[in-house]
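Student: If you read the protein sequences in the order shown, they are chains A and B.
With the first letter of the first sequence counted as 1, position 135 gets the number 134 in numbering that gives the first Met the number 0; the numbers rise by one all the way through.
With the first letter of the second sequence counted as 1, position 576 gets the number 575 in numbering that gives the first Met the number 0; the numbers rise by one all the way through.
For every residue, glycine included, the Cβ atom is placed at its ideal position computed from N, Cα and C.
Just dropping this structure here.
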Amino acid sequence: MTPTLFGRLQTRLALYLLIGLPVTLAIAFRASGWSWPPAAEPCWFIATLFALGLVLEPVYFQMQRFRWDQDWPFAFFAFFSVMEFLAVYAAMRLDWLPYLPACLQSRLDPARQVPVCQVPSLTLAEAAAHFGLVFVPMLIALLAGLQIFMVRWRYRGGQFGRFPVID
Amino acid sequence: MMPIEIQVRDAGGRTLARFRLADEGEYQIGREQAKVEIPLVDGSVSRRHAAVRLSGGRLFVTDSGSTNGTRLGETPLGKHWYEWLAGVPLVVGIFTLVYEPGDFAEEAPAVETDDERTAPVPRAGTADPVPWLESEFPGRLFARDTVPVAEIVASGKLAGETDYLAVGGGIGSFVWVDHLRIWGVPQDRIRVIGVTASCYEKWKEYCENSQIPGRERIRSNSISTPDNLWGFPGYALRETWREVKGGDIRGFRHILKVFGEPTLAETYTPRADDVYAALDREELRIGWRQMLTFGRAIALRKTDDGRYVLAYKIPADQAGDSDRDRYFLARVVQLATGYPTTRYLDDLQSFKRQNRGSNRVVNAYEEHEGIYRALAERGGTVVVRGRGIVASRVLQRLHETRQRNKQIGVLHLMRGPVEAGAAFDLARRAVGYDVEMQPFNWPKACWGGEYRRLLEAAAPEKRVELLSAWGGTTTAERADWMAILSAGKREGWYRIYFGEVKKMRLKNDKVVTEIVAKGPFSETLDLVADYVIDCTGLIADVTSSPFLKDLLARYNPPRNKATGSGPDQRLAGIAVTNQFEIAALRNGPGRVYAAGVVTQNGPYAAVDSFLGLQYAALRSTDHLAAARAPGLRRMGPLRSFVQWLKWTAGAKP
Ligand SMILES: Cc1cc2nc3c(=O)[nH]c(=O)nc-3n(C[C@H](O)[C@H](O)[C@H](O)COP(=O)(O)OP(=O)(O)OC[C@H]3O[C@@H](n4cnc5c(N)ncnc54)[C@H](O)[C@@H]3O)c2cc1C
């Protein structure tokens with residue numbers, strides 16, 4: 000059902016905590032051979048994706064104000080999610096994310112004698128698999144899962160909790 | 000001329016009902032509530048049993064070929080008209096009808112109107128089957144705000160007491176009871192008073208009359224599931240599952256629709272038959288029939304011990320030798336009595352009055368199969384009035400009928416062209432074929448989104464503003480329907496007219512609709528047709544339900560504000576809190592809630608939709624749970640999940 004802005008943000012946060020975090024940790028530990036510390040790239044990747052989502056939600060919301068039903072198809076949601084993923088992945092490859100741990104291991108460029116970031120090791124296939132493992136369960140949760148547990152969620156525009164009860 | 004009042008009596012001489020015949024013309028007597036003016040609901044009465052004619056202030060009667068016959072005094076009636084003199088009993092089945100020379104109605108018309116454009120026609124079927132009404136019961140006992148329980152007990156008519164009582168027995172009652180059951184209330188603490196065995200009977204009747212047979216799709220989305228309060232699995236997934244399981248891979252199209260709607264695909268809507276079947280299943284699961292008592296609610300009062308007492312009448316065939324009057328006591332009551340009546344636009348009403356018995360002009364919500372049958376046989380011209388969803392269904396049906404007889408022409412009459420759709424915030428509603436388009440009867444954000452929040456938070460004046468902006472007559476954008484209109488225009492059998500109707504009359508067996516065209520010339524135009532099908536709607540007027548009218552008169556609860564005018568008019572419902580409680584009826588721990596069209600123009604826009612009924616039920620159940628009402632548990636994620644599993648397994652809640 001049509002969410003409210005606050006509901007969108009809440010739901011996104013909850014889905015990243017419930018699905019994004021465990022999936023990402025599993026992937027990161029697998030990459031590090033199940034030893035501490037887990038690989039950093041998957042964690043930074045998902046965190047960036049989440050942060051971008053938080054920034055874009057208000058933009059999407061404003062765009063939907065031009066639509067009579069204040070809503071758009073799930074297909075659009077899926078499309079924009081894939082776009083977000085591609086944008087974050089491209090930013091990583093282009094080394095626009097200065098806080099990536101890859102930068103911590105920067106090496107000296109022999110020709111120019113300046114430190115440069117190492118391109119992150121995450122390949123597109125790896126990133127896409129990671130994204131898919133997070134996104135598909137999220138979509139299922141949105142379409143089906145959450146409302147089984149939270150009977151009020153869909154009427155509250157994606158917000159959790161009860162309706163305020165006034166006597 | 001003074002109106003004549005006919006009294007209906009039972010074998011014991013008790014008056015069950017009164018009918019006032021105010022106009023000259025013919026009145027049908029029969030069991031089929033929707034089609035007769037004087038409904039007598041009992042197996043001993045034929046569907047169309049007899050007819051009364053008021054002419055020159057005198058009454059005449061005839062038998063209409065009834066199974067059990069009609070007697071006037073001692074005379075069995077045949078197919079002629081007999082004069083019916085005052086004081087002579089007319090025997091129809093188990094009922095005796097009489098009128099006295101002095102039996103003229105003194106009171107004002109039974110139903111008042113609050114505007115002059117439209118006026119109600121008290122009609123059975125869509126209104127209340129009247130034989131149980133307007134009797135002396137409950138009489139003086141109820142002539143006060145609070146009734147002592149001791150007196151109810153002393154009356155000997157107390158049928159029982161319960162914690163939760165749902166009045167109406169339609170889909171709104173069902174959804175509320177379903178919530179209570181899932182929140183933990185046992186079956187034997189809930190009672191339903193209603194007139195139909197299944198909760199969807201009334202709705203089904205409306206659907207069938209307005210051209211939505213079982214195989215057709217209705218106008219709500221996949222997750223508006225009155226049989227499942229979670230909305231999962233929705234109708235689309237169930238339909239996909241069924242078809243794919245049956246080996247039809249195309250079944251996936253339903254789910255894809257939900258994924259692409261409303262922009263990339265037409266909005267998914269379930270088949271009416273699937274909705275009925277799902278409700279059947281849930282009725283069985285929660286024990287609906289065990290909780291149901293057949294009865295027509297007459298009046299509700301507070302009791303002196305913080306409860307409520309409902310006076311109701313049970314059907315004759317269940318009363319046996321006793322009378323039909325009963326009381327029921329309850330702590331919590333929910334009112335969901337649906338549309339009180341059909342209201343006709345003024346011009347339609349005068350036509351009906353002047354041409355009683357004429358079937359040339361019908362309201363689309365009434366049974367009117369005969370028109371399509373006649374058109375298929377003989378052809379003819381039809382005027383379709385209105386531009387809502389029902390108009391589009393009727394046009395579709397006329398198109399189907401045209402496949403059998405090409406001599407059918409359709410004149411589509413609307414009040415004026417629609418140049419631009421309604422506007423709100425940054426958005427504007429789409430328009431096509433002079434009709435405003437939107438998938439459902441309110442913008443989607445009204446169900447759970449930003450608009451729901453806005454409306455709930457708004458003060459009454461602001462609510463009216465918002466509701467006016469979002470409301471109005473709309474239809475769903477459907478390619479099949481639009482293709483029909485395009486083809487109709489091209490082939491010349493479909494034409495649109497704009498104008499206000501001045502008058503309708505019958506001339507040479509044709510219906511002439513006089514319209515004043517919109518625009519600078521205001522020219523008048525006569526549309527000559529064989530039939531007129533009015534699709535301008537069901538308008539909800541709570542005061543035309545005698546039960547609600549009594550409640551309003553007694554406790555004077557605040558009303559919402561009305562909006563719109565003409566066919567777009569939305570009358571004022573009873574004001575409810577955001578939890579759907581009628582606050583003015585609070586009685587200590589006792590509470591009265593309402594749902595459906597009775598609460599129109601209140602805190603939620605889409606009250607008269609499945610999802611709206613679910614929303615109302617959720618809010619009121621939560622409200623009760625917070626007050627620790629008997630039997631209710633709190634609904635957290637775990638309980639919700641367990642209950643959902645039970646639903647899936649078909650196990651009792
Ligand atoms: C043609 C049509 C199509 C619709 N399509 C859709 C759709 O696609 N999707 C959607 O969400 N909604 C739809 N609706 C709206 C739908 O009607 C409502 O959602 C629902 O049926 C209303 O439920 P209710 O309980 O308020 O009324 P009803 O289902 O009408 O039930 C009220 C019951 O109360 C009974 N009653 C009245 N007075 C008394 C009394 N004094 N004592 C005892 N019983 C009484 C009535 O006889 C009736 O049986 C449609 C409505 C119509 C008319």
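#1: Here's the rule: buried if 16 or more other CB atoms are within 10 angstroms of the residue's CB, otherwise exposed. What is ALA594(B)?
#2: Assuming ALA38(A) and ALA30(A) make a contact with CB atoms under 8 angstroms, what is their CB distance in whole Å?
#3: What residue from THR562(B), PRO88(B) and TYR163(B) has the CA that sits closest to LEU334(B)'s CA?
#4: Give me the Cα-Cα distance between ARG180(B) and TYR592(B), rounded to the nearest whole angstrom.
#5: In this structure, does DSSP put TYR432(B) in helix, strand or coil?
#6: Give the straight-line distance between the Cα atoms of ARG477(B) and ILE211(B), rounded to the nearest whole angstrom.
#7: Since GLN437(B) meets chain A, which of its residues come closer than 8 angstroms, beta carbon to beta carbon?
#8: Report all residues from its chain with a CB closer than 7 angstroms to the CB of GLY64(B); omit the five preceding and five following residues, and keep chain order.
#9: If we ignore side chains and look at the alpha-carbon of each, how far apart do ALA315(B) and GLY92(B) end up?
#10: Assuming GLU513(B) is part of the beta strand (DSSP E), what are its boundary residues?
#11: Just tell me which of VAL22(A), LEU16(A), PHE134(A) and TYR154(A) has its CA closest to the CA of ALA667(B).
#12: Looking only at DSSP bridge pairs, what is LYS502(B) linked to?
#13: Can the beta-carbon of THR535(B) be found less than 7 angstroms from the beta-carbon of ARG627(B)?
#14: Less than 7 angstroms between CB atoms is the rule here; does ARG7(A) satisfy it with respect to chain B?
#15: For a quick check, are the C-beta atoms of THR276(B) and ILE217(B) less than 7 angstroms apart?
#16: Would you be able to state if there are at least three C-beta pairs under 8 angstroms between the region 362-382 of chain B and the region 51-61 of chain B?
#17: Check each candidate in GLN289(B), GLY470(B) and VAL515(B) and name the one with the smallest Cα separation from GLN599(B).
#18: Taking Cβ positions only, does VAL150(A) come closer than 7 angstroms to chain B?
#19: In chain order, what residues of the same chain lie with their CB nearer than 8 angstroms to the CB of TYR81(B), ignoring the 5 residues before and after it?
#20: Ligand 1 heavy atoms versus the CB of ILE170(B): any closer than 6 angstroms?
#21: So which residues of chain B does ARG11(A) contact, with C-beta pairs closer than 7 angstroms?
#22: Please name the residue, chosen from LYS517(B), PRO519(B), GLY518(B) and VAL510(B), that lies closest to LEU526(B) on a Cα-to-Cα basis.
#23: Going straight from the alpha carbon of GLY230(B) to that of GLU207(B), what length do you get?
#24: Can you list, in chain order, the residues of its chain with a C-beta nearer than 7 angstroms to that of HIS253(B)? Leave out the 5 residues immediately preceding and following it.
#25: Under 6 angstroms: does the beta carbon of GLY144(A) sit that close to some heavy atom of ligand 1?
#26: Specify the secondary structure class of ASP102(B) as computed by DSSP and reduced to three states.
#27: Buried or exposed for ARG64(A), going by 16 or more other Cβ atoms inside 10 Å?
#28: When you compare only the Cα positions, how much space is there between ILE532(B) and ALA50(A)?
#29: Between ILE147(A) and chain B, is the shortest Cβ-Cβ distance under 7 angstroms, so that the two count as touching?
#30: Check the C-beta distance from ASP226(B) over to LEU278(B) and give it rounded, since I have them as a contact under 8 angstroms.
#31: Using DSSP with H/G/I as helix, E/B as strand and the rest coil, what is GLN348(B)?
#32: Could you tell me the boundaries of the beta strand (DSSP E) in which GLY379(B) lies?
#33: For TYR199(B), which option in VAL146(B), ARG280(B) and SER154(B) has the closest C-alpha, if you only look at C-alpha atoms?
#34: At a threshold of 6 angstroms, does SER138(B) count as lining ligand 1 (C-beta to nearest heavy atom)?
#35: Using a Cβ-based criterion (distance less than 6 angstroms to any ligand heavy atom), does THR336(B) qualify as near ligand 1?
#36: Listing by chain order, which chain B residues have their CB less than 9 angstroms from the CB of PHE73(A)?
Tutor: The structure says:
#1: In summary, ALA594(B) is buried, with 16 or more beta-carbon neighbours lying within 10 Å of its beta-carbon over all protein chains present.
#2: In this structure ALA38(A) touches ALA30(A) by the C-beta definition: roughly 4 angstroms separates them, less than 8 angstroms.
#3: Nearest neighbour of LEU334(B) by Cα position, chosen from THR562(B), PRO88(B) and TYR163(B), turns out to be TYR163(B).
#4: So the two alpha carbons sit approximately 17 angstroms from each other.
#5: Coil, per DSSP.
#6: Roughly 15 angstroms separates the two Cα atoms.
#7: Ordered by position in chain A, the residues that pass the 8 angstroms Cβ test against GLN437(B) are TRP67 and ASP68.
#8: Nothing listed; no residue qualifies.
#9: Each residue's Cα considered, the two are about 12 angstroms apart.
#10: 509-515 is the extent of the beta strand (DSSP E) around GLU513(B).
#11: This structure gives no information on residue 667(B), because the portion of chain B shown stretches from 0 to 652.
#12: LYS502(B) is bridged to GLU513(B).
#13: Cβ atoms of THR535(B) and ARG627(B): not closer than 7 angstroms.
#14: Not one beta carbon of chain B lies nearer than 7 angstroms to the beta carbon of ARG7(A).
#15: Correcting the residue identity first, residue 276(B) is Ala in this sequence and not Thr. Contact flag unset, no.
#16: Contact between the region 51-61 of chain B and the region 362-382 of chain B is absent, with fewer than three C-beta pairs closer than 8 angstroms.
#17: With distances taken between Cα atoms, GLN599(B) lies closest to GLY470(B).
#18: For VAL150(A), the answer is yes, since a Cβ of chain B falls inside 7 angstroms of its Cβ.
#19: Same-chain partners within the cutoff: PHE59, VAL60, THR61, LEU71 and THR74.
#20: Yes, ligand 1 has a heavy atom inside 6 angstroms of this Cβ.
#21: Under the 7 angstroms cutoff, chain B gives no residues; its nearest Cβ is about 16 angstroms from ARG11(A).
#22: The shortest C-alpha separation from LEU526(B) is found at VAL510(B).
#23: Taking the CA atoms as reference points, GLY230(B) sits about 25 angstroms from GLU207(B).
#24: Excluding positions up to five away in sequence, the list reads ALA235, GLU238, THR239 and TYR267.
#25: Not under cutoff, so the answer is no.
#26: Because ASP102(B) sits at a pLDDT of 45, beneath the cut-off of 50, its placement in the model cannot be relied upon, and the following sentence gives the value as read from the coordinates. For ASP102(B), the secondary structure class from DSSP, reduced to helix, strand or coil, is coil.
#27: Result: exposed.
#28: ILE532(B) and ALA50(A) have their C-alpha atoms roughly 57 angstroms apart.
#29: Yes, ILE147(A) counts as interfacial toward chain B.
#30: Right, the Cβ-Cβ distance comes to about 5 angstroms (below 8 angstroms), so this counts as a contact.
#31: Here GLN348(B) sits in helix by DSSP.
#32: First-last of the beta strand (DSSP E) with GLY379(B): 379-384.
#33: Closest by alpha carbon: ARG280(B).
#34: A quick correction: the sequence has Gly, not Ser, at residue 138(B). With a cut-off of 6 angstroms, the C-beta of GLY138(B) is classified as distant from ligand 1, since no heavy atom of the ligand falls inside that distance.
#35: Look at THR336(B): its beta carbon is less than 6 angstroms from one of the heavy atoms in ligand 1.
#36: Listed along chain B, the residues sitting closer than 9 angstroms to PHE73(A) by beta-carbon distance are VAL257, PHE258, GLY259 and GLU260.
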